[in-house]
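Residue numbers (the numbering used here): 3 to 380.
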Amino acid sequence: GEKQKLEICKQLYLKNKILFLDEPTSVLTPQEADEVLTLVRNLATSGQLTALMITHKFREVTKFADEVTVLRNGKFAGSGKVAELTPAQMAEMMIGPGKTIRKAARSESTATQSGSHLHLTGLHALDETGIAALEDLHLHVHPGEIVGIAGVSGNGQTELVEVLAGQRTLQSGEIRVHGERYKPTRSNINRHKMYTLPEEPLRNTCVGQMSVAQNMAFRHFDRKPFALARLFVNGRAIRRSAQDLIARYRVKTPATTTPIRDLSGGNVQRAVLARELSGGVEVLVAANPCFGLDFEAAADIRAHIMEARNRGAAVLLVSEDLDEVMELSDRIFVMFDGKLVYETPGASADIAIIGRHMAGHTEEIAASSLQRASRNDE
3 GEKQKLEICK QLYLKNKILF LDEPTSVLTP QEADEVLTLV RNLATSGQLT
53 ALMITHKFRE VTKFADEVTV LRNGKFAGSG KVAELTPAQM AEMMIGPGKT
103 IRKAARSEST ATQSGSHLHL TGLHALDETG IAALEDLHLH VHPGEIVGIA
153 GVSGNGQTEL VEVLAGQRTL QSGEIRVHGE RYKPTRSNIN RHKMYTLPEE
203 PLRNTCVGQM SVAQNMAFRH FDRKPFALAR LFVNGRAIRR SAQDLIARYR
253 VKTPATTTPI RDLSGGNVQR AVLARELSGG VEVLVAANPC FGLDFEAAAD
303 IRAHIMEARN RGAAVLLVSE DLDEVMELSD RIFVMFDGKL VYETPGASAD
353 IAIIGRHMAG HTEEIAASSL QRASRNDE
């Protein structure tokens, strides 16, 4: 975050007349984002600067932009003055006329305090340089709830997901799923139905040159009806299952035989989500599930995640998109420097307090809380 602010300030100090900003707040806290964009906005208002900002965040457009242009599928979809457009009109530009966005409908939580599907105790892990990335991390996720982890990129979120997926060595600590000690092997993953929706699925959980149908069958290719004998698979059954999932999850692909690398990012994510949710998932780890996706695809993915929660799955949502975390989560944690430093119920979450914890200002928050408490006592 500090590097991002420094780079933007450097460009402003050089007195450039035109500034291009590509997702400038992706690694900033809410307060830092407002601080930087307010500065850019003031310079633009005074006539010292023309800024072109590329962003997927509605709030940044409505609060800081004068005019907006919407691209859909790489083509011009509409434009106008922000003050003259409603959010509904901008949303229609993004998804197309006559279409509706799926809502992440939340049913009453079935989470209970008596037991948890996922229980993490004292996790320690190192990053690629041998420095601690996770330090004494404790967390539990009940069935029928979404626990969101917010934080600025680079504070241990990636390492946590990799540990849970078996892609990074756990130095110490314990993972329990359904009360049993858990090691992320293929047999344990399928037995406990603990599945992962990783960031950049084409790189992390797909084989690009293989077909959409084959990638969707990865979870159960060695079981009936997909498996015929030891080394033989039933291609017809795999394609038939893929056709059903493609229809249910609205995956846009020319054919089930199309290489999955030829699909758009949103459709790759839909295909992976279909694979993970179709197996009766009981624990779902979702890492930045909507990163880089268009408005419609993001809404669709979030709705499917909420439906899994409503069916009783325990969902751990690790996301750098604070709006996403606040929209979906029943409980929210903030991760800073490899530790969980703050917890709040999702329904009463305060974005300002979360933002300060994301920046590591925990002592400042504690001091202000004590001051408020002393004033109340008086």
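We put the beta carbon where it would ideally sit given N, CA and C, even for glycine. Please read these numbers as outputs of a predicted model, since none were measured by experiment.
Ranked by how close their Cα comes to the Cα of H194, the residues E182, E201, N290 and R205 have E182 in first place. A distance below 7 Å between beta-carbons, with the five flanking residues on each side excluded, links L128 to the following residues of its chain, in chain order: A134, A135 and Q173.
Residue G314 holds the alpha-carbon nearest to the alpha-carbon of R108 among G314, H359 and T258.
Considering only G267, V274 and L204, the residue with the shortest C-alpha distance to G76 is G267. When secondary structure is reduced to three states using DSSP, S243 falls in the helix class. In the structure shown, Y197 adopts extended strand secondary structure according to DSSP, grouped into three states. Residues I148, V149, G150, L319 and G348 of the same chain have their beta carbon placed closer than 7 Å to that of S331, with the five preceding and five following residues left out of the count. In this structure, T31 keeps its C-beta atom at 8 Å or more from the C-beta atom of M328. Within the same chain, and ignoring the five residues on either side of H142 in sequence, the residues whose Cβ sits closer than 6 Å to its Cβ are S118 and H121. In the same chain as V29, and ignoring 5 residues on each side of it, the C-beta atoms closer than 7 Å to its own belong to G3, Q6, V154 and S155, in chain order. Contact between G362 and D339 holds: their C-beta atoms lie close to 7 Å from each other, under 8 Å.
V165 is the residue among V165, E62 and A351 whose C-alpha sits nearest the C-alpha of V287. With 16 or more other CB atoms across the displayed protein chains lying within 10 angstroms of its CB, D323 is buried. In the three-state reduction of the DSSP assignment, I355 falls in the helix class, which pools H, G and I. S243 sits buried, since 16 or more C-beta atoms from the chains shown fall within 10 Å of its C-beta.
For A273, no beta strand (DSSP E) encloses it; the enclosing alpha helix (DSSP H) starts and ends at G267 to L279. Short of 7 Å from the beta carbon of A351, and not among the five residues preceding or following it, lie these beta carbons of its own chain, in chain order: M328 and I334. The Cβ atoms of S213 and T259 sit closer than 8 Å to each other. In this structure, the alpha-carbon of V84 lies about 13 Å from that of M95.
In this structure, E176 keeps its C-beta atom at 8 Å or more from the C-beta atom of N290. In the structure shown, R183 falls within a strand segment according to DSSP collapsed to helix, strand and coil. Boundaries around V42 are those of the alpha helix (DSSP H), P32 to T47, since no beta strand (DSSP E) includes it. In this structure, DSSP gives S350 a helical state, which the three-state scheme calls helix. Judged by DSSP in its simplified three-state form, E322 adopts coil rather than helix or strand. Judged by DSSP secondary structure, F66 falls within the alpha helix (DSSP H) whose first and last residues are F60 to F66.
In this model, T47 and L39 are separated by some 12 Å (Cα to Cα). L172 sits in coil when the DSSP states are folded into three classes, being neither helix nor strand.
Across the structure, V163 and T198 are spaced so that their CA atoms are roughly 8 Å apart. Under the three-state reduction of DSSP output, D24 falls in the strand class. Excluding its 5 nearest sequence neighbours in each direction, A53 has C-beta neighbours in its own chain below 7 Å: L21, L23, V42 and A46, listed in chain order.
When N236, A239, C208 and V343 are compared, the shortest CA-CA separation from I262 is found for C208. Rounded to the nearest whole angstrom, the CA to CA distance from V270 to L139 is 31 Å.
The beta-bridge partner set that DSSP reports for T255 is empty. Where V154 is concerned, there is no enclosing beta strand (DSSP E), because DSSP gives it neither an H nor an E. With fewer than 16 other Cβ atoms inside 10 Å of its own Cβ, I56 counts as exposed. In the DSSP annotation of this structure, the continuous segment of the beta strand (DSSP E) that includes T123 starts and ends at L120 to L128.
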